[in-house]
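Only one structure is covered here, and it is reproduced in the block below.
There are 4 protein chains.
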Amino acid sequence: MSPRNVEKDLQKREIRIVHILSSAIEVMAVKGIGSVSMNDIASAAGVSIGNMYHYFKSKDEIFAELLRRGQTDYGEFVAIIAQKPDRAREKLYMICSTWLQMTNHWAYTILIHTARMSETSSEELRRQVTERFTNNLSPVAAIMEQGQREGEVKTGDPMELAFYFVSLIQGLTLQRAPGVEVPVGIEPADIVRLFLTAA
Amino acid sequence: MSPRNVEKDLQKREIRIVHILSSAIEVMAVKGIGSVSMNDIASAAGVSIGNMYHYFKSKDEIFAELLRRGQTDYGEFVAIIAQKPDRAREKLYMICSTWLQMTNHWAYTILIHTARMSETSSEELRRQVTERFTNNLSPVAAIMEQGQREGEVKTGDPMELAFYFVSLIQGLTLQRAPGVEVPVGIEPADIVRLFLTAA
Amino acid sequence: MSPRNVEKDLQKREIRIVHILSSAIEVMAVKGIGSVSMNDIASAAGVSIGNMYHYFKSKDEIFAELLRRGQTDYGEFVAIIAQKPDRAREKLYMICSTWLQMTNHWAYTILIHTARMSETSSEELRRQVTERFTNNLSPVAAIMEQGQREGEVKTGDPMELAFYFVSLIQGLTLQRAPGVEVPVGIEPADIVRLFLTAA
Amino acid sequence: MSPRNVEKDLQKREIRIVHILSSAIEVMAVKGIGSVSMNDIASAAGVSIGNMYHYFKSKDEIFAELLRRGQTDYGEFVAIIAQKPDRAREKLYMICSTWLQMTNHWAYTILIHTARMSETSSEELRRQVTERFTNNLSPVAAIMEQGQREGEVKTGDPMELAFYFVSLIQGLTLQRAPGVEVPVGIEPADIVRLFLTAA
DNA sequence: CATGAATGAGTTTTCATTCAT
DNA sequence: AATGAATGAAAACTCATTCAT
């Protein structure tokens, strides 16, 4: 085996993993998180069920990995936004509209909470999810603080404001689950406005 | 015909049903919604597993009934608040603090979303849940409108504001699920403040 | 209690029993014999399930009684026919057409065979059913013998002919079960003709 | 893609299916059709209960497949007999004696009728069973017609005669179920004779 | 790495029968 | 006699995981 091939194999493996994970989210969005079976995911990914276990040790590992990547990606996205030279209100708008546009985001959101609540998921997993959630609040809190310095964001503990901001978006995300939808519009600008001083 | 007191039987039955349902919520709060078995609920309620089926046709019916009662109770609570002679900001505060204090409320919230997402739950159930959710927005919207007339609540479509308010509270509720908790305080007054004009 | 009342009670009881039994056959014809539950029968009879056990010791007893009465009634019917002053060919015709006209007769027929085959039914029950079946062959065999004396019925062991005659009718009865039916006419005269010498 | 021999796998699967089906008939013949459980069949076939569901979606599917194969095999058998160069009376004799010699044939017969009667079995299944039954009458009807041309079979609609012939054999088959048996001999020659003109 | 057959524990559901009222 | 709640054993079915090929 040349090192070239080893590298290629690893790439292939990574592609496969990403493919399986996105298929998992996809099928979770259709079947409902609680009732997705290994078989469902394997079929959706076009992979044999036995082969799934070459990529993941268990079903729980799939969920854990899904969460890790989802939360990490989101964290990076928010961090990048936070470091931009724009004004705070614009940054909040970007986060808000981007998030709400993402299809399947509600699936991630439900998955996060399912993972945290299920006795099945290990204490360790729950701790990690909560830790990442909390960490991901920091960039948003930084934006809130920036906004307060700019005189546009309401006063109050920036971390608390960030918490409310993210919770609000998550709450709305859940309302966008497929099936029947709540017949009330969602306007990112209006959401951001709640956190601003000027009416 | 019957040597038994029919009315008393019906009362007993209702009491039993309520008891089973609250046991169900209780155990769901501990075990996690996805993994509650009929056996868990039966044990928690101190009822034999076979007997459960005298009160509910299926596990799904338990969930459906739980949702119906939970949403109806909440709707009545909000309607009563809305009709009080208090100011809007005070009403919002009452809703917010009451809701966040309720133990197990996160369980209802997750259950609502689980029900709406699972392919298992019928289209009919999903429709009903969404309809009740939407109906329950109205009293909150009325409060928003009142607040706008009083000059304290921010401008904007009252229904939209109500939607945000409820979504925010639901989003926060989810963060209060047992296990590891997010280390950020939740202050009802601060939440309400987001919807007010005066900083 | 006057003896008058006791007698009346017994009459009432008998009426009730007959009513339950006919409801049982009725519902077996709809639900299928294998899947009739005590509850089904009780509901069909408009009797509470607990009350069923005042009239029958068990579900098996219902089946046993159903068989006993069905076979006894049939036996009496055939015996009466056999003793009539008519010619054998006419007697055969009467048996054949009467039987095939009876609604639900297929249910009895299947029930007989189900009872004889199921390991559930006791050895004793199976013996009784077979014994009654065999006994009920005798009057038909007598008719066959009469017919042979009259020169109209084919030669051969009368008991064997009777066995074929009854088996043929039972086989046809099974084809008349509800649902889709075999699109071939059944003519009693043609059936009888099979057992006659003259074409 | 696959390091396994796909064709061989399919062959193995077919063998397994046939094995399970014959085990099912076997155990039905012992336990009685109504009370055969998945577990019984699995044990009889030496297969784990979970594995049964790799081959059949449900218990009903097993019954449906059993019927399909049984009726198809019988149809082929009869068709082959019909095309032989022999005389009609000899063909009828072959069908009759072969059928009555087949062990477990009564089990198929009862199964057919059980399937047609049970509300459990779908309308579709009942239609199929009846259709196959009707189709299988045709070769027998052809034999009857041949016999009429040969001057040995009684006059009358050949299809109707075939219907009677098959019903008679089925009726007799049911009498051969295990347990107590009717103490009357069954002679294929005598049965065929019923359909012949010459005494 | 790839496949899908095999396992067995676990889940929901049914049902004959008993029992307190 | 009448009712229907209660029980528990058993049935059908599911599914994560392992393993031979």
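Chains as they are written, first to last, in UniProt numbering: chain X, 1 to 199; chain L, 1 to 199; chain E, 1 to 199; chain V, 1 to 199.
For glycine and all other residues, C-beta sits at the position ideal for the given N, C-alpha and C.
Predicted model, so just to flag it, every value in this text is computed and none were measured.
{"Check": "On the criterion of 16 or more Cβ atoms from any shown chain inside 10 Å, does Ala29 of chain V qualify as buried, or is it exposed?", "Outcome": "buried"}
{"Check": "What's the call for Val182 of chain V, buried or exposed, on a 16-neighbour Cβ count within 10 Å?", "Outcome": "buried"}
{"Check": "Measuring CA to CA, which of L:His54, L:Asp60, L:His19 is closest to Leu125 of chain L?", "Outcome": "L:Asp60"}
{"Check": "Quick check on the burial criterion: 16 or more other C-beta atoms within 10 angstroms. Buried or exposed for Ser118 of chain X?", "Outcome": "buried"}
{"Check": "Which full runs of the alpha helix (DSSP H) of 4+ residues lie inside the region 146-197 of chain V, going along the chain?", "Outcome": "158-175, 188-193"}
{"Check": "Could you say if the region 67-86 of chain V and the region 181-197 of chain L meet the contact criterion of at least three C-beta pairs nearer than 8 Å?", "Outcome": "no"}
{"Check": "Any Cβ of chain X within less than 8 Å of the Cβ of Tyr74 of chain L?", "Outcome": "no"}
{"Check": "Measure the alpha-carbon distance for Ala42 of chain X versus Gly32 of chain X and round it to whole angstroms.", "Outcome": "16 Å"}
{"Check": "Would the region 43-60 of chain L count as touching the region 84-91 of chain L if we require 3 or more Cβ pairs under 8 Å?", "Outcome": "no"}
{"Check": "Counting C-beta neighbours from all protein chains within 10 Å, is the total for Ser189 of chain L 16 or more, i.e. buried, or is it exposed?", "Outcome": "In the sequence on display, residue 189 of chain L carries Ala and not Ser. Result: exposed."}
{"Check": "Taking the straight line between their C-alpha atoms, what separation do you get for Ser35 of chain E and Gln101 of chain V?", "Outcome": "31 Å"}
{"Check": "Is the distance from the Cβ of Ile112 of chain L to the Cβ of Val140 of chain L below 8 Å?", "Outcome": "no"}
{"Check": "By the criterion of Cβ-Cβ separation under 7 Å, what are the contact partners of Tyr164 of chain E in chain V?", "Outcome": "Leu168, Ile191, Leu194"}
{"Check": "On the CB-based measure, 16 or more other CB atoms within 10 Å of its CB, does Thr109 of chain X come out buried or exposed?", "Outcome": "buried"}
{"Check": "Between Met1 of chain X and Gln11 of chain X, what straight-line distance do the alpha-carbon atoms span, to the nearest angstrom?", "Outcome": "With a pLDDT of 49 at Met1 of chain X, under the threshold of 50, the modelled position of that residue is not reliable, and the figure given next carries that caveat. Computed Cα separation, rounded: 15 Å."}
{"Check": "Spatial neighbours of Leu137 of chain E within its chain, please: C-beta separation below 8 Å, excluding the five flanking residues on both sides.", "Outcome": "Met159, Ala162, Phe163, Val166"}
{"Check": "Are the C-beta of Asn114 of chain L and some C-beta of chain X separated by less than 8 Å?", "Outcome": "In the sequence on display, residue 114 of chain L carries Thr and not Asn. It does: the Cβ of Thr114 of chain L has a partner Cβ on chain X nearer than 8 Å."}
{"Check": "Can you list, in chain order, the residues of its chain with a C-beta nearer than 6 Å to that of Thr103 of chain L? Leave out the 5 residues immediately preceding and following it.", "Outcome": "none"}
{"Check": "Taking the alpha carbon of Thr134 of chain L as the point to measure from, which residue in L:Arg176, L:Gly179, L:Gln71 has its own alpha carbon closest?", "Outcome": "L:Gln71"}
{"Check": "Which same chain residues, not among the five before or five after Ala82 of chain E, have their C-beta less than 6 Å away from its C-beta?", "Outcome": "Pro139, Ala142, Ile143"}
{"Check": "Relative to the alpha-carbon of Val18 of chain V, which residue among V:Ser37, V:Val6, V:Met52 has its alpha-carbon at the smallest distance?", "Outcome": "V:Met52"}
{"Check": "Which bits of chain X does Met38 of chain L rub up against, with CB to CB less than 7 Å?", "Outcome": "In chain order: nothing, as chain X lies at least about 15 Å away."}
{"Check": "Can you check whether the CB of Met38 of chain X is closer than 8 Å to the CB of Ile49 of chain X?", "Outcome": "yes"}
{"Check": "Out of V:Asp40, V:Glu90, V:Ile186, V:Ile191, state which residue places its alpha-carbon closest to the alpha-carbon of Glu150 of chain V.", "Outcome": "V:Glu90"}
{"Check": "Of all Cβ atoms in chain X, is any one closer than 8 Å to the Cβ of Ser138 of chain L?", "Outcome": "no"}
{"Check": "Using a Cβ-Cβ cut-off of 8 Å, state whether Met144 of chain X counts as contacting chain L.", "Outcome": "no"}
{"Check": "My output table needs one value for Ser37 of chain X: the three-state DSSP class, helix, strand or coil.", "Outcome": "coil"}
{"Check": "Thinking just about the alpha-carbon of each residue, which of L:Leu168, L:Pro178, L:Gly147 is nearest to the one in Ser97 of chain L?", "Outcome": "L:Leu168"}
{"Check": "Counting only C-beta atoms, is Arg16 of chain X closer than 8 Å to chain L at any point?", "Outcome": "no"}
{"Check": "Just the Cα atoms here: how many angstroms apart are Trp106 of chain X and Gln170 of chain X?", "Outcome": "8 Å"}
{"Check": "Expressed to the nearest angstrom, what Euclidean distance is found between the alpha-carbon atoms of residue 200 of chain E and Ile25 of chain V?", "Outcome": "For chain E, the structure presents residues 1 to 199; residue 200 of chain E sits outside this window and is missing."}
{"Check": "Are the CB atoms of Thr155 of chain E and Gln146 of chain E nearer to each other than 8 Å?", "Outcome": "no"}
{"Check": "Under 8 Å between C-beta atoms, does Thr98 of chain V make it to chain E?", "Outcome": "no"}
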